[in-house]
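To keep things clear, I will list the structure first and then write my remarks on it.
In the numbering used here, the protein residues as written are 988 to 1571.
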C-alpha cells in the first residue's frame, strides 16, 4: 500500500458585482398571459439549454473523479473504513459545490446506515463434512469454501444434517417448489447456484436468470424455511464467474444491515464443485446425476447421510456508512407574505440517477498490492454520476420535477446501500418515476452499442429506443442473460420497491473497431481485473464514451420529468404489484 500525502483544496470564489439603476417599468412584473410566440420561444430556449448542458459534459472531468476515487489513498473504498468515508465526503462536497439540495439526514447529503461487518477468522473457522460411514472430510477455508455468519454474533457452531434441495427455489408462479415434502428446520441446505434449466422465456426466464437464481435469494429462502445453514454449489458456467470471484468477494469482510429483521441462516457458505462431488460421494450418490435430477419437474429434496460440523468465528465490526444524496429541485414561487412552494402543483415524478461508490477495501498485512482499487468497478459510474450532476445543476433549466443523484454504499455486499435507499427514499417511491443506474463502464472509447436491460419491461422503452437512435446507439440485448445481470446491480433494489429502473451499459462494438476488439477488451477485464487487485486507473483510458453515455442519460432524464404519461412496468411484470402498492 502506498502512503500518500494529499491536500485537497476546495475554493468557492465569488466576485462583487455592481447594481445598475433600472427603469421601474422594466423591472415591474407582468401578469400577461403567455402568447403562442412566447411559449415557442420558451421551448426553443429550453431545448438550447438542454443541448448546451449535454455538450458541456466533459470526459476529462469524469477522468479526474475516477482517478481520485480509485487512488490508493482511498484504500479500496471499503464501507465503514477510512477510504469510503473520504469518498463519501468528496462526493458530498461536489454536490455542495454544484448547489444541489441535500437529500440525506438532518439537512446533510449523507444518509447514514447502520451496518455490521462480519469477517470470518480463517485460523479459527472450521468446516468438516461428517458422513454416517467413513472418514470425516476437513475443508480448507477460501480454497474449498467460504462462509459468513449473518446472525452478527462473534461465533456460531453448527452440527446438522445436510439436505440437498436442488436449486433451492420456491416459485408458485412456475409450479416449482424444491422444499416440498421436506422439513429443513435446524438443518443445512445444499443447493445449486442459478435457476432450474429452461429454454422457455415464460418459464424461469428461459436462458435469462431470474432472481430465483441469485445467491442472495438462496440464502434468504433457506432462512425463511428455517435452515441454520446454506451451502451453495459453485459452478462457473451457472454462476457466470469463477471461484476467484467468489473467494475474493467472500473472504473479506461481509456487511449486513444491522436492523434487518428478516430471518437469517447462521452459516452462509459457498463450496467448490469438487467439494460437492466429494460430499455426494460420501453419501453414496453421484453429483452429476443429482444435478440433472434437480433440473426436472417433480424433483424431491433428499437428506444426505452426511452432517456439516462447523465453527465460524468472526471479527464483528458495527459501523455506519452513508449513501450520498443530492437533489436538483423544481424552482419555487412565492406570494407576498407566504412561504415559497414548489412551482408545480401536482405530485413529483422525479428522475433518480444512481451509482455505487464502494468497493472491496484492502487486505491488511498482505505483501505487495493489497488494495482493491475498483477503478472500473465503480469509480467510473460514480465519476459519471458526478459529472452529470454538475451539468444538470449548471444548466439553467427550470426542471418541472426533481432530479435526484444518489451515490450508494455497500453494493458489493449485496446491494445493501441501494436497498436502504429504496426503503428510505428522499421522496415517496410513488413520486420517483424512474431510476437510471451506472455501474462499471469500461473507458475504452465511444460505444456504438448499448444494453439497457430492464427498460424493455416498462412503457418508457419506446422513448429509450428513440433517444438511443438520436445518439446513434444500437440497442443490443443482454449478451449473457444467464448471468442474471439485472439482479446484480443497484437498480434492482429500486425495482423491488416498485420504481421502474434499469442500468445503462455498453455492448461490444466501439467506434473505429469491430466487435471482436470490444469483446476481447471486455473479456480481458472480466477475466483478469474484475474484483481483483489489478482494477486500477490507467492514464491511457478514453472517457469519451462515458461522457456520451452521460449525455444519453441526461436526455432520458429530461424526457422522464417532462412526459405526460406515468412511467409504469408492463402488465404482468414481476415488479408491477410493488409499483401499485406504492401508489396507495
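Here a beta-carbon is modelled for each residue, glycine too, at the ideal position from N, C-alpha and C.
Everything numeric in this text was worked out from a predicted model, so none of it was measured.
Query - Opening and closing residue of the beta strand (DSSP E) in which residue 1300 lies - result: In the chain shown, counting from the first residue as 1, residue 1300 sits at position 313. It spans 1289 to 1315 - the beta strand (DSSP E) in which residue 1300 sits, taken as one unbroken run.
**Report entry** Three-way DSSP call (helix, strand, coil) for residue 1405 in this model
**Finding:** Along the chain shown, read from residue 1 onward, the residue named residue 1405 stands at position 418. Here residue 1405 sits in helix by DSSP.
Query raised in the report: For the putative contact between residue 1433 and residue 1532, defined by C-beta atoms under 8 Å, what is the C-beta separation to the nearest angstrom?
Result: Position 446 of the chain shown, counted from the start, is the residue given in the question as residue 1433. Position 545 of the chain shown, counted from the start, is the residue given in the question as residue 1532. 4 Å between Cβ atoms; contact.
Query - residue 1303 burial status per 10 Å Cβ neighbour count (16 or more: buried) - result: Taking the first residue of the chain shown as position 1, residue 1303 is located at position 316. Residue environment for residue 1303: exposed (fewer than 16 other C-beta atoms within 10 angstroms of its C-beta).
**Report entry** Proximity to residue 1337 [Cα-Cα], best of 1421, 1367, 1284, 1372
**Finding:** Position 350 of the chain shown holds residue 1337. The shortest C-alpha separation from residue 1337 is found at 1421.
**Report entry** Extent of the continuous beta strand (DSSP E) run through residue 1510
**Finding:** Start at 1 with the first residue of the chain shown, and residue 1510 comes out as number 523. Element bounds for residue 1510: not the beta strand (DSSP E) but the alpha helix (DSSP H), 1502 to 1515.
Query raised in the report: Under the three-state reduction of DSSP, which class applies to residue 1170: helix, strand or coil?
Result: Translated into positions along the chain shown, residue 1170 becomes position 183. Judged by DSSP in its simplified three-state form, residue 1170 adopts coil rather than helix or strand.
Query raised in the report: Which stretch, first to last residue, makes up the alpha helix (DSSP H) that contains residue 1482?
Result: Stepping through the chain shown from its first residue, residue 1482 is reached at position 495. For residue 1482, the enclosing alpha helix (DSSP H) stretches over residues 1478 to 1483.
Query raised in the report: So the beta strand (DSSP E) residue 1341 belongs to, where does it begin and stop?
Result: For the purposes of this step, residue 1341 is taken as residue 354 along the chain shown, with counting starting at 1. Note, residue 1341: beta strand (DSSP E), 1337 to 1343.
Query raised in the report: Among 1535, 1110, 1061, which residue has its Cα nearest to the Cα of residue 1366?
Result: Mapped onto the chain shown, residue 1366 falls at position 379. Put simply, of 1535, 1110, 1061 the residue whose alpha carbon is nearest the alpha carbon of residue 1366 is 1061.
Query raised in the report: Nearest CA to the CA of residue 1404: which residue from 1547, 1444, 1478, 1359?
Result: Taking the chain shown and counting its residues from 1, one reaches residue 1404 at position 417. Relative to residue 1404, the option among 1547, 1444, 1478, 1359 whose CA is nearest is 1478.
Query - Buried versus exposed call for residue 1221 [16 or more other C-beta atoms within 10 Å across all chains shown] - result: For the purposes of this step, residue 1221 is taken as the residue at position 234 of the chain shown. When all chains shown are included, residue 1221 counts as buried.
Requested in this report: Starting from the Cα of residue 1139, find the closest Cα among 1052, 1242, 1291, 1417 and give me that residue.
Outcome: Walking along the chain shown from the start, residue 1139 turns up at place 152. Out of 1052, 1242, 1291, 1417, the CA that lies nearest to the CA of residue 1139 is found in 1242.
Requested in this report: Starting from residue 1423, trace the beta strand (DSSP E) both ways and give me its first and last residue.
Outcome: Stepping through the chain shown from its first residue, residue 1423 is reached at position 436. Element bounds for residue 1423: 1419 to 1424.
Query - Stretch pair the segment 1099 to 1113 + the segment 1261 to 1270: three plus CB contacts closer than 8 Å - result: At 8 Å Cβ cutoff, the stretches do not touch.
Requested in this report: Could you have a look at residue 1015 and say whether DSSP puts it in helix, strand or coil?
Outcome: For this step, residue 1015 is matched to residue 28 along the chain shown. Residue placement at residue 1015 is flagged as unreliable, the pLDDT there being 34, under the threshold of 50; a coordinate-derived value is accordingly withheld.
Query - Between the CA atoms of residue 1445 and residue 1560 - distance to the nearest angstrom - result: Residue numbering aside, residue 1560 sits at position 573 when the chain shown is read from its first letter. Residue numbering aside, residue 1445 sits at position 458 when the chain shown is read from its first letter. Cα-Cα distance, rounded: 9 Å.
Requested in this report: Could you please give the first and the last residue of the uninterrupted beta strand (DSSP E) stretch that includes residue 1218?
Outcome: Taking the first residue of the chain shown as position 1, residue 1218 is located at position 231. First-last of the beta strand (DSSP E) with residue 1218: 1216 to 1220.
Report task. Kindly indicate which three-state DSSP category residue 990 falls into: helix, strand or coil? Result -> Here the question's residue 990 lines up with position 3 in the chain shown. For residue 990, the predicted model reports a pLDDT of 37, less than 50, meaning its position is unreliable and no value from the coordinates is stated.
Requested in this report: List the endpoints of the continuous alpha helix (DSSP H) containing residue 1236.
Outcome: Residue 1236 sits at position 249 when you count from the first residue of the chain shown. Residues 1230 to 1237.
Report task. May I ask you to verify whether the segment 1289 to 1302 touches the segment 1128 to 1147, counting CB pairs closer than 8 Å and requiring at least 3? Result -> Contact holds: three or more Cβ-Cβ distances are below 8 Å.
Requested in this report: Look at residue 1519 and residue 1146 and say whether their C-beta atoms are less than 8 Å apart.
Outcome: Against the chain shown, residue 1519 aligns to sequence position 532. Against the chain shown, residue 1146 aligns to sequence position 159. Not in contact: residue 1519 and residue 1146 (Cβ atoms no closer than 8 Å).
Report task. Starting from residue 1474, follow its DSSP beta bridges and name the residues at the other end. Result -> Stepping through the chain shown from its first residue, residue 1474 is reached at position 487. Residue 1474 is not bridged to any residue.
Query raised in the report: If we ignore side chains and look at the alpha-carbon of each, how far apart do residue 1202 and residue 1363 end up?
Result: As a working note, residue 1202 is residue 215 in the chain shown. As a working note, residue 1363 is residue 376 in the chain shown. Roughly 23 Å between the two C-alpha positions.
Query raised in the report: residue 1079 CB to nearest chain B CB: under 8 Å?
Result: Absent from the structure is chain B; it holds one protein chain and no more.
Report task. Return helix, strand or coil for residue 1005, following the three-state DSSP convention. Result -> By one-based count along the chain shown, residue 1005 stands at place 18. Residue confidence is low: residue 1005 scores 31 on pLDDT, short of 50, so the model does not pin down where it sits. Its coordinate-derived value is still stated next. Correct three-state label for residue 1005: coil.
Report task. Could you check the C-alpha separation between residue 1157 and residue 1352 for me, to the nearest Å? Result -> Taking the first residue of the chain shown as 1, we reach residue 1157 at position 170. Taking the first residue of the chain shown as 1, we reach residue 1352 at position 365. Distance from the CA of residue 1157 to the CA of residue 1352, rounded to the nearest whole angstrom, comes to 43 Å.
Query raised in the report: So does residue 1059 have its beta carbon nearer than 7 Å to some heavy atom of the ligand FAD?
Result: In terms of ligand content, the structure shown is empty, and the ligand FAD therefore cannot be addressed.
Requested in this report: May I have the straight-line CA-CA distance separating residue 1347 from residue 1306, to the nearest angstrom?
Outcome: Position 360 of the chain shown holds residue 1347. Position 319 of the chain shown holds residue 1306. Distance between the alpha carbons of residue 1347 and residue 1306 is about 16 Å.
Query raised in the report: Do the segment 1449 to 1464 and the segment 1395 to 1411 meet, that is, are 3 or more Cβ pairs less than 8 Å apart?
Result: Between the segment 1449 to 1464 and the segment 1395 to 1411, the count of Cβ pairs shorter than 8 Å is below three; the stretches do not touch.
Query raised in the report: Going by the beta-carbon positions, is the gap between residue 1118 and residue 1269 smaller than 8 Å?
Result: Position 131 of the chain shown, counting from 1, holds the residue named residue 1118. Position 282 of the chain shown, counting from 1, holds the residue named residue 1269. For the pair residue 1118 and residue 1269, the CB atoms are nearer than the 8 Å cut-off.
Query - Contact set for residue 1603: own chain, Cβ-Cβ below 6 Å, skip 5 residues either direction - result: The structure shown does not extend to residue 1603, since the chain is modelled only from 988 through 1571, so no value can be given for it.
Query raised in the report: Count the other CB atoms within 10 Å of the CB of residue 1283; is the residue buried (16 or more) or exposed (fewer)?
Result: Your numbering for residue 1283 matches position 296 in the chain shown. Residue 1283 is exposed by the Cβ-count criterion.
Query - Pair within 8 Å by beta-carbon distance, residue 1483 and residue 1409 - result: Within the chain shown, the letter at position 496 stands for residue 1483. Within the chain shown, the letter at position 422 stands for residue 1409. Against a cut-off of 8 Å, the Cβ pair of residue 1409 and residue 1483 comes out as a contact.
Query raised in the report: Out of curiosity, what's the CA-to-CA distance linking residue 1153 and residue 1084?
Result: Taking the chain shown and counting its residues from 1, the one referred to as residue 1153 is at position 166. Taking the chain shown and counting its residues from 1, the one referred to as residue 1084 is at position 97. Rounded to the nearest angstrom, the two C-alpha atoms are 53 Å apart.
Query raised in the report: How many angstroms separate the CA atom of residue 1195 from the CA atom of residue 1227?
Result: The residue you call residue 1195 lines up with position 208 of the chain shown. The residue you call residue 1227 lines up with position 240 of the chain shown. In a straight line, the C-alpha of residue 1195 is about 12 Å away from that of residue 1227.
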